[in-house]
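Just so you know, the sequences run in chain order A and B.
Counted from 1, the first sequence has number 97 at position 97 by full-length UniProt numbering; the numbering is strictly sequential.
Counted from 1, the second sequence has number 232 at position 232 by full-length UniProt numbering; the numbering is strictly sequential.
Below is one structure, written out as structure tokens, with a few remarks after it.
2 protein chains.
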Amino acid sequence: MDTRTGLPVVGMIGGGQLARMTHQAAIALGQSLRVLANDVDESAALVAADVQLGSHTDLAALRTFAKSCDVVTFDHEHVPGEHIRALAAEGHKVFPGADALRYAQDKHQMRRRLSELGAPVPRWAPIATAAELVEFGLPAIVKTARGGYDGRGVFVVNDVEEIIDLLASGAELIVEEKVELRRELAVQVARSPYGQVAVYPVVETVQQDGICVEVLAPAPDLPEDVAIGAQQLAIRIANELGVVGLLAVELFEVAGGGPRTGKQSDPPQGLVINELAMRPHNSGHWTIEGARTSQFEQHLRAVLDYPMGDTSLAAPAVVMVNVLGGPEGGMSIDERLHHLMAAEPGVKVHLYGKQTRPGRKIGHVTALGADLADCRRRAARAAHWLTYGTAPA
Amino acid sequence: MDTRTGLPVVGMIGGGQLARMTHQAAIALGQSLRVLANDVDESAALVAADVQLGSHTDLAALRTFAKSCDVVTFDHEHVPGEHIRALAAEGHKVFPGADALRYAQDKHQMRRRLSELGAPVPRWAPIATAAELVEFGLPAIVKTARGGYDGRGVFVVNDVEEIIDLLASGAELIVEEKVELRRELAVQVARSPYGQVAVYPVVETVQQDGICVEVLAPAPDLPEDVAIGAQQLAIRIANELGVVGLLAVELFEVAGGGPRTGKQSDPPQGLVINELAMRPHNSGHWTIEGARTSQFEQHLRAVLDYPMGDTSLAAPAVVMVNVLGGPEGGMSIDERLHHLMAAEPGVKVHLYGKQTRPGRKIGHVTALGADLADCRRRAARAAHWLTYGTAPA
């Protein structure tokens, strides 16, 4: 507890944009997020009052950090599970715990556990050799079990030769069928240590090159029973895996329906699980203005065992578009922001304090309104201004 | 400019809750508010990364502060005008400037200037002696020209004897007629150095003992022509006084109409100006969730000469209730917060990181929805939980 305020101190390991936006949410709750960052220039370190510099792989640094926090949580999934167990064994509250987080850290464990639970997943197998891959069947998706995110560590393979080096590297791999997907969806649920859950509306996530570029909330034209099924699935996974904090379940909506287990707990036809993330997630940035409780506040509430906040939509349509760094040179980011504000006075801007590099995620924009198409147009225009410094064609 | 981000640095003199909430808004714009605070425990100093400790009356401290900022602005009105002029003379951008801010610092100058502009004000006069007060007529409102806020420095006087000590103190005083007020209203406008203005919907402010306790947005049952007149009046004052940043115009809605000047620029019948504030203001806290652009972001946009943001309402009804510290002892603030969250999962909480003391403003809550009465009930319940740790009767 912060004796100056009488309110708890949440520590977040990692100083990226998720910690930056969690700090904003913490301020409203009377708190100040404590951040473990690698560098003073990281997104959250630039704005938080209480920053410890250190590595998320250094147990001594993690111990020092945890001692000054009531609860420790994560901006990313890269903290070694044994370190998390060590902190927990020493009496620190760390959420999500290592037993849950491993399913977000390791795609092999995740696939195996979800299969055991009868949750819908693509056909998959662990592979170690070219022969196993051929036997599984190509084309297929090969993934490294650990370390991948934002499309890294994921390979669409048509011919074994394409990943011969990867197979030789000794990296643990899994293979998955290439599903015929109609679109991608995501659903977020928060769960507290007490077990209270709060689930957000299902959203559509639009990907390019494996990176989420746009989120539509709520997912348009999604039948209500499918939406409810997806929410129930997310709640069941959060409960079964013992997640505390936010869980994002990334889903494929597949043509003709996904694999069925025949169990009564089957989700509605047509959804299979792609990935899990156990933290605030890009697919939930829309909630800052678009839901009554933002995912960042909800994550704080969850890890603190506070009652959950209302997840209702704040507008009929909400669209979030990620902002990527544009080509080198030309107009400064400050000038681009001027143009965006003049062109789209109602679009909300979130910049992460990052140096602009081509293709780097430097922020996001959110448009709210009554009409989805109008929100998409406005958000896209705003993002285009920030990336290129010009109006879209 | 912050060379790490390519974005400007706004400095705010004063480390109170207004700076705290401005820092939250700055984070979204890719910035980090630089704060001049008296103490490490002040609301904004607890949460901002970039804090200079020093007094707002120490010119040397102000100079050091201004040198590291692109623009300097204020959390309060207590910086001496000569210091602001000194900073401006040295080339620093300070908004609002001293020539505007003096009308928020000095009620005598404010009343005189508004009278010159033909703006509606209560009948008033400067007074120095008991005889002048008697001549003006009692009962009346006596105000110290400088230093009063939140009801301090304002006296309802029925008999000269009541303020004989004040008259003897040498403090500069004005007297005003006690208007028959129906209710109090407020309107906020932001103005940029370029001269762009953006005005918010007119709100009703409910006062107790001279302190704002509740704000209703938009002001219920206000005829549209009166609302537009109030907005036009605020814009005119911002332009005439050369305000840069936010201006809050506090108004009395009076029975039978206010004094009329007969000029074409007369505002609609029934409004007289009470006070002016040139900064984010308690009457605008509702905008954080209740308007598309919060007053804190708008203030940053204005002082940076960015294009203004959309001031539209985010819901048909928005109610903000201030949270005061309750009686000593009993339930901790953290426990009270738990109860509030369980009882009102949709109400937004803003705590300022202040030690709880009876009657001290420690935060505010905001409820949004379709129905004003329902929002008032929910916001009042939430505030009651935070103050007393019990459900309201």
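We treat Cβ as the ideally placed atom computed from N, Cα and C, and that holds for glycine.
Restricting attention to A:R34, A:A140, A:R378, A:D75, the CA atom closest to the CA of A:L247 is found in A:D75. For A:K93, there is no enclosing alpha helix (DSSP H), as DSSP marks it with neither H nor E. For A:R301, a Cβ of chain B is located within less than 9 Å of the residue's own Cβ. One thing to note: A:P193 has its Cβ no nearer than 9 Å to the Cβ of B:A342. When the Cα atoms are used, A:E161 and A:R146 turn out to be separated by approximately 22 Å.
Identification of chain B residues near A:R357 by a Cβ-Cβ cut-off of 7 Å yields none; the smallest Cβ-Cβ distance measures about 12 Å. Taking 9 Å as the threshold, the shortest C-beta distance from A:Q31 to chain B falls below it. Think of a sphere of 9 Å around the beta carbon of A:R378: no beta carbon from chain B falls inside it, the nearest being about 11 Å out.
Taking C-beta separations shorter than 7 Å and ignoring five residues to either side along the sequence, the partners of B:H364 in its chain run H285, M320, V321, N322, V323, H350, following chain order.
The count of Cβ pairs closer than 8 Å, one atom from the region 288 to 298 of chain B and one from the region 9 to 25 of chain B, reaches three, so the stretches are in contact. Counting along the chain, A:W124 sits inside the beta strand (DSSP E) bounded by residues 124 to 127. Per DSSP, the continuous alpha helix (DSSP H) segment holding A:H339 begins and ends at 333 to 343. At a cut-off of 9 Å between beta carbons, A:M1 contacts chain B. In the structure shown, the three-state DSSP call for A:Q17 is helix. Sequence-distant Cβ neighbours of A:R182 in its own chain, meaning closer than 6 Å and more than five residues away, are E253, A255. Identification of chain A residues near B:M320 by a Cβ-Cβ cut-off of 8 Å yields none; the smallest Cβ-Cβ distance measures about 13 Å. Proximity of chain A to B:H350 at the Cβ level (cut-off 9 Å) is accounted for by I27, A28, L29, G30, in chain order. At a Cβ-Cβ threshold of 9 Å, A:S283 and A:C212 count as neighbours. Within the same chain, and ignoring the five residues on either side of A:E214 in sequence, the residues whose Cβ sits closer than 6 Å to its Cβ are V206, V321. Below the 8 Å Cβ cutoff, chain A contributes P345, G346 as neighbours of B:D310, in chain order. For B:I174, DSSP records a beta bridge to B:P126, B:K143.
Within chain A, the residues whose beta carbon sits less than 7 Å from that of B:I333 are G6, L7, listed in sequence order.
The Cβ atoms of A:E176 and A:R123 sit closer than 9 Å to each other. With a cutoff of 9 Å on beta-carbon distance, B:V202 and B:A238 are scored as not near each other. The C-beta of A:A370 has fewer than 16 other C-beta atoms within 10 Å across all chains shown, which makes the residue exposed. Around B:S115, the same chain offers V121 as residues with beta carbons nearer than 7 Å, after the five sequence neighbours per side are excluded. Judged by DSSP in its simplified three-state form, B:M110 adopts helix. The beta carbon of A:A25 is closer than 7 Å to those of S294, F296, E297, L300 in its chain, skipping five residues each way along the sequence.
Membership of B:A190 in any alpha helix (DSSP H) is not indicated; the residue belongs instead to the beta strand (DSSP E) covering 181 to 191. Assignment of beta-bridge partners to B:Q52 by DSSP yields B:L36.
Below 8 Å, enough C-beta pairs join the region 30 to 44 of chain B and the region 7 to 15 of chain B to call them touching: three or more. Boundaries for B:V226: no beta strand (DSSP E) harbours it, while the alpha helix (DSSP H) harbouring it runs 224 to 241, taken from the DSSP string. Note on geometry: alpha-carbon atoms of A:D334 and B:T5 lie some 9 Å from one another.
By the neighbour-count criterion, in which 16 or more other beta carbons inside 10 Å mark a residue as buried, A:Q355 falls on the exposed side.
For B:T205, DSSP records a beta bridge to B:E184, B:V215. Here A:G6 carries a coil assignment [DSSP, helix/strand/coil].
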